[in-house]
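**Student:**
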Amino acid sequence: MNVCIFDDESMAIDFLSHQLNKLEDIKIRFTSTRPYLDDYTTALQDIDVVFLDIEMPEINGLALAEQLNEKHPHLHIVFVSVHKGYAVEAFELSALDYLLKPVKRDRLEKTIHRIKQQRYHRKELVNPKKRLNVHMLGQLEFWLDEQDITDTIQWRTNKSKEVFLFLLHHSGNVLSKDKIVDTIWPDTAPEKGFANLYVNIYNIRKSLKHLDAFISIASTEDGYLLKLMKTSVDKQTWYDYFKNAEALNAETVSRYTEHLNIYKGGYLEGYDYLWADSARFEMEEMWLHHAKALADFYYQNEDAEQASRWYTSIIKRRPDDEQIAFQLMKLYARFNYRMLLEYQYKELKAHLDELNIEIDPNIQSWFLQWKKNHKR
Numbered sequence: 355m356n357v358c359i360f361d362d363e364s365m366a367i368d369f370l371s372h373q374l375n376k377l378e379d380i381k382i383r384f385t386s387t388r389p390y391l392d393d394y395t396t397a398l399q400d401i402d403v404v405f406l407d408i409e410m411p412e413i414n415g416l417a418l419a420e421q422l423n424e425k426h427p428h429l430h431i432v433f434v435s436v437h438k439g440y441a442v443e444a445f446e447l448s449a450l451d452y453l454l455k456p457v458k459r460d461r462l463e464k465t466i467h468r469i470k471q472q473r474y475h476r477k478e479l480v481n482p483k484k485r486l487n488v489h490m491l492g493q494l495e496f497w498l499d500e501q502d503i504t505d506t507i508q509w510r511t512n513k514s515k516e517v518f519l520f521l522l523h524h525s526g527n528v529l530s531k532d533k534i535v536d537t538i539w540p541d542t543a544p545e546k547g548f549a550n551l552y553v554n555i556y557n558i559r560k561s562l563k564h565l566d567a568f569i570s571i572a573s574t575e576d577g578y579l580l581k582l583m584k585t586s587v588d589k590q591t592w593y594d595y596f597k598n599a600e601a602l603n604a605e606t607v608s609r610y611t612e613h614l615n616i617y618k619g620g621y622l623e624g625y626d627y628l629w630a631d632s633a634r635f636e637m638e639e640m641w642l643h644h645a646k647a648l649a650d651f652y653y654q655n656e657d658a659e660q661a662s663r664w665y666t667s668i669i670k671r672r673p674d675d676e677q678i679a680f681q682l683m684k685l686y687a688r689f690n691y692r693m694l695l696e697y698q699y700k701e702l703k704a705h706l707d708e709l710n711i712e713i714d715p716n717i718q719s720w721f722l723q724w725k726k727n728h729k730r
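Oh and the sequence shown: position 233 is 587 in our numbering, straight run, nothing missing.
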């Protein structure tokens with residue numbers, strides 16, 4: 355295993371080199387007190403593990419690790435620090451490898467053993483010739499063609515997942531580091547916020563390493579850009595279609611229905627992200643509008659089964675929507691589905707009672723008249 359060391363203190367490099375030389379199958383290819391990656395572009399191609407000091411005067415070790423991970427994603431990075439409190443709190447939380455100075459041999463052996471396991475026993479989970487599909491409407495899922503590979507992604511922390519989803523939310527656009535930190539860690543001091551960002555970008559790249567043929571995160575001068583290759587996102591497919599939806603008629607109803615079915619649930623449903631609220635609300639309103647249009651279309655064409663399906667789908671999301679419930683009741687009356695009509699009226703009234711809202715007098719009057727006309 356080829357390793358290198360970056361540390362601004364020569365004595366620290368000497369001590370760590372001494373400890374590494376005691377281990378089998380370890381070759382120290384180079385060491386440096388100068389954290390300039392451009393000087394080691396070729397040398398780093400043959401390196402397996404980088405031992406990196408966290409606090410160096412010219413550059414923060416977290417920032418350097420993020421650069422290393424982008425330019426040389428094959429590398430395993432082990433952080434080294436003399437500051438126990440900072441290192442343990444920052445990196446144990448994010449499950450990154452770290453060592454405390456002076457580095458003890460037994461702790462070093464555990465780190466090397468873990469890295470060897472990852473290198474020699476890691477299985478490639480995907481075929482880059484396939485296409486990746488990311489589902490953000492309803493449950494977050496990742497599909498490789500017809501194979502659900504969601505469980506192959508091991509997020510280091512919930513924050514790592516949120517940062518990734520925020521980048522995906524803005525995919526194709528450069529997000530400044532300031533905007534990411536202000537959004538994800540609004541109440542954190544800037545220095546700590548940027549440290550969190552570097553750690554989480556590192557974590558994301560590691561979590562998605564097996565999907566690097568489909569998803570990559572590029573660093574710019576002051577931000578990050580998430581790139582998608584051979585990847586489709588259901589949210590974007592759905593949104594693009596209904597933002598300028600074609601007229602609903604007999605020729606387009608099949609495509610209209612197919613795209614509406616993509617909406618399996620709310621945008622990032624189950625994730626309480628404030629930054630996603632406006633998009634979630636907009637798409638929910640779009641879905642309601644087009645679901646009602648589709649239900650009305652089937653109603654007008656006397657397709658009771660499909661009309662009922664779509665009216666019912668709307669009611670599941672908006673159980674207190676009186677007009678949709680009323681339309682469904684009229685549909686049941688039209689096809690003489692008495693039990694379903696009575697059930698729908700009772701369900702609507704029960705939901706409104708919970709909200710201390712009186713049912714629309716017109717609906718109540720209609721129902722009582724219907725019931726009177728259908729006495730047995």
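Note that beta-carbon positions come from the ideal geometry of N, C-alpha and C, so glycine has one too. This structure is a prediction, so every number in the text was calculated from the model and none was measured.
Would you identify the three-state DSSP class for LYS381, choosing helix, strand or coil?
**Tutor:** Along the sequence shown, read from residue 1 onward, the residue named residue 381 stands at position 27. If DSSP states are grouped into helix, strand and coil, LYS381 belongs with the strands.
**Student:** Could you name the residues of the same chain whose beta carbon sits closer than 7 Å to that of GLU495, not counting the 5 residues immediately before and after it, in chain order?
**Tutor:** In the sequence shown, counting from the first residue as 1, residue 495 sits at position 141. If we look at GLU495 and ignore the five residues flanking it on each side, its Cβ neighbours are HIS489, ASP502, THR504.
**Student:** Tell me the rounded alpha-carbon separation between SER667 and ASN487.
**Tutor:** Stepping through the sequence shown from its first residue, residue 667 is reached at position 313. Stepping through the sequence shown from its first residue, residue 487 is reached at position 133. Using only the alpha carbons, I get a separation of about 25 Å.
**Student:** Confirm, please, whether the CB-CB distance from THR465 to LEU454 is below 8 Å.
**Tutor:** Taking the sequence shown and counting its residues from 1, the one referred to as residue 454 is at position 100. Taking the sequence shown and counting its residues from 1, the one referred to as residue 465 is at position 111. No, the pair does not count as a contact, with Cβ atoms beyond the cut-off.
**Student:** Does GLN508 come out as helix, strand or coil in the three-state DSSP assignment?
**Tutor:** Taking the sequence shown and counting its residues from 1, the one referred to as residue 508 is at position 154. Here GLN508 sits in coil by DSSP.
**Student:** Express the C-alpha separation of GLU656 and ASN603 in angstroms, rounding to a whole number.
**Tutor:** If you number the sequence shown from 1, residue 603 lands on position 249. If you number the sequence shown from 1, residue 656 lands on position 302. ASN603 and GLU656: Cα-Cα distance of roughly 14 Å.
**Student:** Can you list, in chain order, the residues of its chain whose CB lies under 8 Å from that of GLN718, leaving out five sequence neighbours each side?
**Tutor:** Translated into positions along the sequence shown, residue 718 becomes position 364. Result list for GLN718: empty, nothing under 8 Å.
**Student:** In three-state DSSP terms, what is TYR617?
**Tutor:** As a working note, residue 617 is residue 263 in the sequence shown. Coil.
**Student:** Hey, could you find the ends of the beta strand (DSSP E) SER525 is sitting in?
**Tutor:** Translated into the one-based positions of the sequence shown, residue 525 becomes position 171. Counting along the chain, SER525 falls outside any beta strand (DSSP E), and DSSP gives it neither H nor E.
**Student:** Kindly list the residues whose CB is nearer than 7 Å to the CB of ASP362, restricted to its own chain and excluding five residues on each side of it in sequence; keep chain order.
**Tutor:** The residue you call residue 362 lines up with position 8 of the sequence shown. Same-chain partners within the cutoff: THR387, ASP407, MET410, PRO411.
**Student:** Look at the alpha carbon of LEU622 and the alpha carbon of LYS589, and state the distance between them as a whole number of angstroms.
**Tutor:** Translated into positions along the sequence shown, residue 622 becomes position 268. Translated into positions along the sequence shown, residue 589 becomes position 235. When rounded, the distance between both Cα atoms is 9 Å.
**Student:** Looking at C-alpha atoms only, which residue of LEU418, HIS428, PRO456 is the closest neighbour of SER435?
**Tutor:** As a first step, residue 435 must be located in the sequence shown, where it is residue number 81. If we check each option's Cα against that of SER435, PRO456 comes out closest.
**Student:** Residue range of the beta strand (DSSP E) that ASN487 falls in?
**Tutor:** Residue numbering aside, residue 487 sits at position 133 when the sequence shown is read from its first letter. Element bounds for ASN487: 486-489.
**Student:** Could you pull the start and end residues of the alpha helix (DSSP H) that ALA572 belongs to?
**Tutor:** As a first step, residue 572 is located in the sequence shown; it is residue number 218 there, counting from the start. Unbroken run through ALA572 is the beta strand (DSSP E), 569-573; no alpha helix (DSSP H).
**Student:** LYS513 and ILE538 - do their beta-carbons sit closer together than 8 Å?
**Tutor:** If you number the sequence shown from 1, residue 538 lands on position 184. If you number the sequence shown from 1, residue 513 lands on position 159. For ILE538 and LYS513, yes; Cβs fall inside 8 Å.
**Student:** Between the C-alpha atoms of LYS725 and TYR617, what's the straight-line distance to the nearest angstrom?
**Tutor:** Counting from 1 along the sequence shown, the entry for residue 725 is found at position 371. Counting from 1 along the sequence shown, the entry for residue 617 is found at position 263. So the alpha carbons of these two residues sit roughly 36 Å apart.
**Student:** Based on Cα-Cα distance, which residue from ASN554, LYS531, LEU422 lies nearest to LYS515?
**Tutor:** Within the sequence shown, residue 515 is the residue found at index 161, counting from 1. For LYS515, the nearest C-alpha among the options comes from ASN554.
**Student:** In whole angstroms, what separates the C-alpha of ALA449 from that of ARG510?
**Tutor:** Working through the sequence shown from its first residue, we reach residue 449 at position 95. Working through the sequence shown from its first residue, we reach residue 510 at position 156. Residue confidence is low: ALA449 scores 40 on pLDDT, short of 50, so the model does not pin down where it sits. No coordinate-derived value is stated.
**Student:** Between which two residues does the alpha helix (DSSP H) harbouring GLU495 extend?
**Tutor:** Taking the sequence shown and counting its residues from 1, the one referred to as residue 495 is at position 141. Premise fails: GLU495 lies in the beta strand (DSSP E), 495-498, not in any alpha helix (DSSP H).
**Student:** Could you give the DSSP three-state label for LYS729: helix, strand or coil?
**Tutor:** As a first step, residue 729 must be located in the sequence shown, where it is residue number 375. Of the three classes helix, strand and coil, the one that applies to LYS729 here is coil, per DSSP.
**Student:** Suppose you measure from the CA of GLU712 to the CA of GLN681; what does that come to, to the nearest Å?
**Tutor:** Numbered from its first residue, the sequence shown carries residue 712 at position 358. Numbered from its first residue, the sequence shown carries residue 681 at position 327. Looking at the two C-alpha atoms, the distance is approximately 18 Å.
**Student:** Our contact map puts ASN583 next to ALA567 with C-beta atoms below 8 Å; I'd like the distance itself, whole angstroms only.
**Tutor:** The residue labelled residue 583 in the question sits at position 229 within the sequence shown. The residue labelled residue 567 in the question sits at position 213 within the sequence shown. First, the residue type needs correcting, since residue 583 is Met and not Asn in the sequence shown. About 7 Å separates the two Cβ atoms, so the contact holds.
**Student:** Taking just the CA atoms, how far does LYS729 sit from ARG692?
**Tutor:** What you label residue 692 is simply residue 338 of the sequence shown in a count that begins at 1. What you label residue 729 is simply residue 375 of the sequence shown in a count that begins at 1. Taking the straight line from one Cα to the other gives about 11 Å.
**Student:** So SER371 and ILE382 are supposed to be a Cβ contact under 8 Å. How far apart are they, rounded?
**Tutor:** Reading the sequence shown from its first residue, position 17 is the one you call residue 371. Reading the sequence shown from its first residue, position 28 is the one you call residue 382. Contact holds; Cβ gap of about 6 Å.
**Student:** How about LEU491 and GLY619: are their beta carbons less than 8 Å apart?
**Tutor:** As a first step, residue 491 is located in the sequence shown; it is residue number 137 there, counting from the start. As a first step, residue 619 is located in the sequence shown; it is residue number 265 there, counting from the start. Yes, the pair counts as a contact, with Cβ atoms nearer than the cut-off.
**Student:** Assuming ILE359 and THR395 are in contact, meaning their beta carbons sit under 8 Å apart, how far apart are those beta carbons, in whole angstroms?
**Tutor:** Residue numbering aside, residue 359 sits at position 5 when the sequence shown is read from its first letter. Residue numbering aside, residue 395 sits at position 41 when the sequence shown is read from its first letter. 17 Å between Cβ atoms; not a contact.
**Student:** Could you give the distance in angstroms between the alpha-carbon of GLU638 and the alpha-carbon of LEU519?
**Tutor:** Here the question's residue 638 lines up with position 284 in the sequence shown. Here the question's residue 519 lines up with position 165 in the sequence shown. Straight-line Cα distance between these residues: approximately 19 Å.
**Student:** Of all the options ASN356, PRO389, TYR627, ARG688, which has the alpha carbon lying nearest to the alpha carbon of GLN399?
**Tutor:** What you label residue 399 is simply residue 45 of the sequence shown in a count that begins at 1. That would be ASN356, whose Cα lies nearest to the Cα of GLN399.
**Student:** Please go through the segment 581-607 and give each complete beta strand (DSSP E) segment of 3 or more residues, from N-terminal end onward.
**Tutor:** For the segment 581-607, whole beta strand (DSSP E) runs of length 3 or above, ordered along the chain, are 585-587.
**Student:** Tell me, to the nearest whole angstrom, how far the beta carbon of TYR578 is from that of LEU529; I am working on the premise that it is less than 8 Å.
**Tutor:** Counting from one through the sequence shown, the residue named residue 578 turns up at place 224. Counting from one through the sequence shown, the residue named residue 529 turns up at place 175. Yes, they are in contact, since the Cβ atoms of TYR578 and LEU529 sit about 6 Å apart, within 8 Å.
**Student:** Taking 8 Å as the limit between beta carbons, can you name the residues of its chain near LYS560, skipping five residues before and five after?
**Tutor:** Working through the sequence shown from its first residue, we reach residue 560 at position 206. Taken in chain order, the residues that qualify are ASN423, ARG510.
**Student:** Where are the alpha helix (DSSP H) runs, 4 residues long or more, that stay fully inside the segment 608-691, in chain order?
**Tutor:** As far as the segment 608-691 is concerned, its whole alpha helix (DSSP H) runs of at least 4 residues are 631-654, 658-671, 676-688.
**Student:** Just tell me which of ILE380, ASN375, ASP631, TYR665 has its CA closest to the CA of HIS644.
**Tutor:** Here residue 644 refers to the residue found at position 290 of the sequence shown. Minimum Cα distance to HIS644 is reached at TYR665.
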